[in-house]
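Going by UniProt numbering, the first residue of the sequence shown is number 315, and it counts up by one from there. Written below as structure tokens is the structure these notes are about.
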Amino acid sequence: NKGKYEHYMQKEIHEQPESLTTTMRGRLIRGGSCKAKSVLLGGLKDHLKTIRRSRRIVFIGCGTSYNAALAARPILEELSGIPVTMEIASDLVDRQGPIYREDTTVFVSQSGETADTLQALEYALENGALCVGITNTVGSAIARHTHCGVHINAGCEIGVASTKAYTSQIVVMAMLALAIGDDTISSQARREAIIDGLFDLPSKVKEVLKLDQEMKDLAKLLIAEQSLLVFGRGYNYATALEGALKVKEVALMHSEGILAGEMKHGPLALVDETLPIVVIATRDACFSKQQSVIQQLHARKGRLIVMCTEGDAASVSVGGSCRVVEVPQVEDCLQPVINIVPLQLLAYHLTVLRGYNVDQPRNLAKSVTTQ
Ligand code: UD1
Ligand code: BG6
Numbered sequence: 315n316k317g318k319y320e321h322y323m324q325k326e327i328h329e330q331p332e333s334l335t336t337t338m339r340g341r342l343i344r345g346g347s348c349k350a351k352s353v354l355l356g357g358l359k360d361h362l363k364t365i366r367r368s369r370r371i372v373f374i375g376c377g378t379s380y381n382a383a384l385a386a387r388p389i390l391e392e393l394s395g396i397p398v399t400m401e402i403a404s405d406l407v408d409r410q411g412p413i414y415r416e417d418t419t420v421f422v423s424q425s426g427e428t429a430d431t432l433q434a435l436e437y438a439l440e441n442g443a444l445c446v447g448i449t450n451t452v453g454s455a456i457a458r459h460t461h462c463g464v465h466i467n468a469g470c471e472i473g474v475a476s477t478k479a480y481t482s483q484i485v486v487m488a489m490l491a492l493a494i495g496d497d498t499i500s501s502q503a504r505r506e507a508i509i510d511g512l513f514d515l516p517s518k519v520k521e522v523l524k525l526d527q528e529m530k531d532l533a534k535l536l537i538a539e540q541s542l543l544v545f546g547r548g549y550n551y552a553t554a555l556e557g558a559l560k561v562k563e564v565a566l567m568h569s570e571g572i573l574a575g576e577m578k579h580g581p582l583a584l585v586d587e588t589l590p591i592v593v594i595a596t597r598d599a600c601f602s603k604q605q606s607v608i609q610q611l612h613a614r615k616g617r618l619i620v621m622c623t624e625g626d627a628a629s630v631s632v633g634g635s636c637r638v639v640e641v642p643q644v645e646d647c648l649q650p651v652i653n654i655v656p657l658q659l660l661a662y663h664l665t666v667l668r669g670y671n672v673d674q675p676r677n678l679a680k681s682v683t684t685q
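In structure tokens:
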């Protein structure tokens with residue numbers, strides 16, 4: 315049931331304030347006079363000690379689920395102090411990459427049925443690793459075959475392009491980081507700030523959804539383009555990959571997410587006055603580096619669309635020449651949840667304006683159960 319919406323993707327983008335609330339329901343503890351703010355993940359509480367003792371955490375997934383894990387990686391590394399590595403499920407299986415008993419492997423999958431992810435899960439089970447699932451589907455193969463896990467509880471997602479599951483997956487993995495780091499006194503203030511940020515997140519997502527018309531106007535400008543680049547780094551490297559994936563899979567436009575730190579190692583050759591480039595430059599520790607990326611792209615006459623924090627338009631628009639999209643600020647590690655929303659809206663409007671099928675893009679399936 316699409317309710318007042320024309321498409322499931324549109325509905326699922328707009329219901330993110332509610333889906334995120336459901337994801338967090340019963341899992342955040344507000345704390346009080348003698349109790350610290352904390353996180354309770356029922357499915358993991360008996361396994362946290364084992365996870366904390368592991369030598370490495372390995373995130374495994376495909377498509378959007380992989381991108382969600384990439385978005386959560388920095389905060390997991392920060393709060394756990396454990397090395398976190400990333401694996402695209404098919405690539406891990408192709409390489410038969412080393413997985414050890416001392417590893418915690420985390421399988422991220424909206425459907426819980428993706429064949430590549432399941433095969434990687436079998437492989438990790440054979441190798442004796444602790445296998446944790448993060449899935450939206452109760453009773454799915456991944457939920458059943460993992461040792462433990464967390465249901466993201468985002469509600470049924472119908473659009474082939476994943477939107478609300480992506481933001482809920484990031485939130486669950488941020489909560490995973492908080493739960494693993496829960497025994498560390500030195501990071502308590504940081505954890506409490508993130509928990510406060512999680513409580514505020516649905517209302518901030520509601521705010522960023524107000525950019526709908528602005529993103530539709532932007533889509534009108536980009537309707538006939540062949541290609542779109544998206545530059546991000548740090549917490550928002552994943553936003554660049556996921557924003558580009560959305561544009562590619564539904565709007566059927568070539569789009570590439572680029573790690574801004576790699577700009578000079580190839581991508582800069584593509585820059586001219588015609589190719590549109592989105593640069594994500596919201597406030598965090600990488601902000602000044604992104605300002606310099608903007609200047610360098612501008613010097614090569616790049617056609618820039620800059621996503622920045624509210625109030626920062628003047629600090630990011632060199633010579634007043636870029637188009638600017640301002641978004642509300644949240645705790646740095648949660649910013650990817652906000653920043654993806656305008657790009658989801660852009661991909662949605664581009665698709666509708668170009669006359670393509672938003673909910674069932676050609677050649678793609680919601681759940682890829684064959685290899
Ligand atoms: C659980 C109940 C929820 C109830 C809550 C009350 C279920 C599905 N969830 O939520 O309805 O309101 O207790 O305390 O009955 N698991 C895996 N792999 C996965 C995902 C989950 O093994 O990929 C396991 C977990 O380790 C856990 C169980 O499935 O044993 C349920 O997980 P989850 O729904 O996340 O747990 P709760 O949030 O505690
Ligand atoms: C398919 C979907 O390619 O599988 C994507 O079209 C999705 O949207 C990917 O991200 C992985 O699916 P899942 O269910 O394992 O998260």
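In this text, a Cβ means the ideal position worked out from N, Cα and C, and glycines have one as well.
Helix, strand or coil at residue i according to DSSP, with G and I counted as helix
i: proline 412; result: coil
i: aspartate 405; result: helix
i: glycine 557; result: helix
i: threonine 596; result: coil
i: glycine 356; result: coil
i: threonine 623; result: strand
i: isoleucine 472; result: coil
i: residue 686; result: Lying before the first or after the last residue shown, residue 686 is absent from the chain, which here runs from 315 to 685.
i: leucine 678; result: coil
i: threonine 399; result: strand
i: valine 672; result: coil
i: isoleucine 537; result: coil
i: valine 372; result: strand
i: glutamine 483; result: helix
i: lysine 316; result: coil
i: histidine 328; result: helix
Nearest neighbour of residue i, chosen from the options [CA to CA]
i: glycine 469; options: His461, Lys478 and Gly463; result: Lys478
i: serine 352; options: Ala382, Ser454, Thr419 and Gly511; result: Gly511
i: serine 517; options: Leu362, Val372, His663 and Ile652; result: Ile652
i: aspartate 408; options: Ser541, Leu393, Lys363 and Thr431; result: Thr431
i: glutamate 539; options: Ser569, Arg367 and Val630; result: Ser569
i: proline 642; options: Thr623, Leu667, Ser631 and Lys562; result: Thr623
i: valine 607; options: Ala574, Ser629, His461 and Arg387; result: Ala574
i: serine 368; options: Ile413, Ala382, Ala386 and Ala385; result: Ile413
i: arginine 547; options: Arg370, Glu320 and Cys647; result: Cys647
i: histidine 321; options: Ala679, Tyr670 and Leu362; result: Tyr670
i: valine 519; options: Ile654, Arg597 and Ile456; result: Ile654
i: glutamate 329; options: Ile456, Ala383 and Ile472; result: Ile472
i: lysine 680; options: Ser476, Thr498 and Val561; result: Ser476
Bridge-paired residues (DSSP) for residue i
i: cysteine 636; result: None, per the DSSP bridge assignment.
i: glutamate 570; result: Leu543
i: proline 516; result: Its beta-bridge partners do not exist; DSSP assigns none.
i: proline 590; result: Arg617
i: glycine 447; result: Phe421 and Gly463
i: valine 641; result: Thr623
i: isoleucine 343; result: Ser352
Spatial neighbours of residue i in its chain, beta-carbon cut-off 7 Å, leaving aside the 5 residues before and after
i: methionine 529; result: Pro656, Leu659, Leu660 and His663
i: glutamine 674; result: Val474
i: serine 501; result: Leu393 and Gly495
Cβ shell of residue i (< 8 Å), same chain only, five flanking positions each side left out
i: leucine 492; result: Ser352, Val353, Leu393, Arg505, Ile508 and Ile509
i: leucine 591; result: Residue identity differs from the one stated: residue 591 is isoleucine in this sequence, not leucine. Taken in chain order, the residues that qualify are Leu542, Leu543, Val544, Phe545, Val585, Leu611, Gly616, Arg617, Leu618 and Ile619.
6 Å Cβ shell around residue i - same chain, five flanking residues per side excluded
i: threonine 683; result: Glu427 and Ala429
i: lysine 555; result: Contrary to the premise, residue 555 reads as leucine rather than lysine in this sequence. Cβ neighbours of leucine 555 beyond the five flanking positions: Asn381 and Gly571.
Practice problem: Could you say if the segment 410–421 and the segment 439–450 meet the contact criterion of at least three C-beta pairs nearer than 8 Å? | Solution: yes
Practice problem: Would you check if the segment 359–377 and the segment 397–413 touch, i.e. whether three or more CB-CB distances between them fall below 8 Å? | Solution: yes
Quiz item: Does the count of Cβ pairs from the segment 478–487 and the segment 317–334 closer than 8 Å reach three?
Solution: yes
Practice problem: Inspect the CB distances between the segment 581–593 and the segment 606–616 and report whether three or more fall short of 8 Å. | Solution: yes
Practice problem: Specify whether the segment 569–578 and the segment 393–402 touch according to this definition: at least 3 beta carbon pairs, one from each stretch, less than 8 Å apart. | Solution: no
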